[in-house]
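Encoded as structure tokens, the structure appears first; notes follow it.
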Ligand code: IPE
Ligand code: IPE
Ligand code: MG
């Protein structure tokens, strides 16, 4: 057992959360939502919310590492987020570049392996350069895998996989009668990454927003009203605690 104490706002109500360290989810995926609303509540521009959200990313990676989570996937930019005003889109691109530039050394020191899920060819060249550098620098590390979903869409990923499989069939590398789930999964961005055990979405929205559509088949979902910049270690603990009290049946009895 792992003793984690959750302190409520009123210090009198100290609620103890004891996590079972034998049942820590192997893969947690987070839809980092609510940055814009966080900023609006403070009369700040939306981009300030995104900046504040980066602080939460740092905290969550550190805590996930401490808890022994093996894979952490963070949804940072969806294939639909291009619909946003140009200045917000470019601010998000810039934040990604800055984040990788500022954090790579520290992440590497902590043995983090960085992966990107999504179509990076459509990103500005400086973003592509920093992404490639981060992947190459951290590829032999042995710590937590940090998957950043950037320009990621679940439908886009599935369609891409279908086309890749078709190409292999045309080349004669795959027999069209033998396409199984195992073969198909090799063409997803998440190849070699286990499906998420737990998907967390802060900000009060209770939808999937095109995230990990194939992979979430048997994931447990956890929602919170807190906006991402206000998401704290205690929320992560509570999500894991609730997860540990669910009964995952996978269609069985
Ligand atoms: C999540 O925060 C970050 C991205 C989608 C890039 P939002 O920007 O969606 O924040 P809200 O939902 O408008 O509050
Ligand atoms: C989902 O959030 C995408 C990311 C967090 C990157 P959105 O804010 O884009 O989702 P919707 O529009 O509320 O469904
Ligand atoms: Mg949102």
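Numbering (the working numbering), first residue to last: 702 to 954. C-beta: ideal position from N, C-alpha, C; glycine also.
- At the C-beta level, residue 831 and residue 801 come within 8 Å of one another.
- Straight-line measurement puts the Cα of residue 803 at about 13 Å from the Cα of residue 834.
- Residues lining ligand 1 by the Cβ criterion, that is a Cβ closer than 5 Å to any of its heavy atoms, are 734, 735, 736, 737, 738 in chain order.
- Relative to residue 882, the option among 763, 892, 948 whose CA is nearest is 892.
- Taking non-hydrogen atoms of ligand 2 into account, the C-beta of residue 781 is found less than 7 Å away from one of them.
- Shown here, residue 800 sits in a helix according to DSSP, grouped into three states.
- Bounds of any alpha helix (DSSP H) do not take in residue 774; it lies within the beta strand (DSSP E) bounded by 772-779.
- Residue 888 has its alpha-carbon roughly 27 Å from the corresponding atom of residue 762.
- In the assembly as shown, residue 786 is an exposed residue. Its beta-carbon has fewer than 16 other beta-carbons within 10 Å.
- The segment 744-753 makes no contact with the segment 913-922: fewer than 3 CB pairs, one atom from each, lie closer than 8 Å.
- The nearest non-hydrogen atom of ligand 2 is less than 7 Å from the C-beta of residue 908.
- Under the three-state reduction of DSSP, residue 730 is assigned to strand.
- When only Cα atoms are considered, residue 813 and residue 767 end up about 12 Å apart.
- Of the candidates 828, 740, 727, the residue whose Cα lies closest to the Cα of residue 928 is 740.
- In the structure shown, the three-state DSSP call for residue 904 is coil.
- Scanning 827, 901, 820 for the CA closest to the CA of residue 862 turns up 820.
- At a threshold of 7 Å, residue 925 does not count as near ligand 3, since its beta carbon sits no closer than that to any of the ligand's heavy atoms.
- Rounded to the nearest whole angstrom, the C-alpha separation of residue 896 and residue 951 is 13 Å.
- In the structure shown, residue 912 falls within a coil segment according to DSSP collapsed to helix, strand and coil.
- Going by DSSP, residue 848 is part of the beta strand (DSSP E) stretching over 846-853.
- Going by beta carbons, residue 718 and residue 770 fall outside the 8 Å limit.
- Collapsing the DSSP output to three states places residue 829 in a helix.
- Judged by beta-carbon spacing, residue 782 lies beyond the 8 Å limit of residue 823, meaning their Cβ atoms are not closer than that value.
- Taking the CA atoms as reference points, residue 909 sits about 16 Å from residue 849.
- Within 10 angstroms of the beta-carbon of residue 854 lie 16 or more other beta-carbons, which makes it buried.
- Sixteen is the threshold: when 16 or more other Cβ atoms of the shown chains lie within 10 Å of the Cβ of residue 941, as they do, the residue is buried.
- With a threshold of 16 other beta carbon atoms within 10 Å, residue 755 meets it and is buried.
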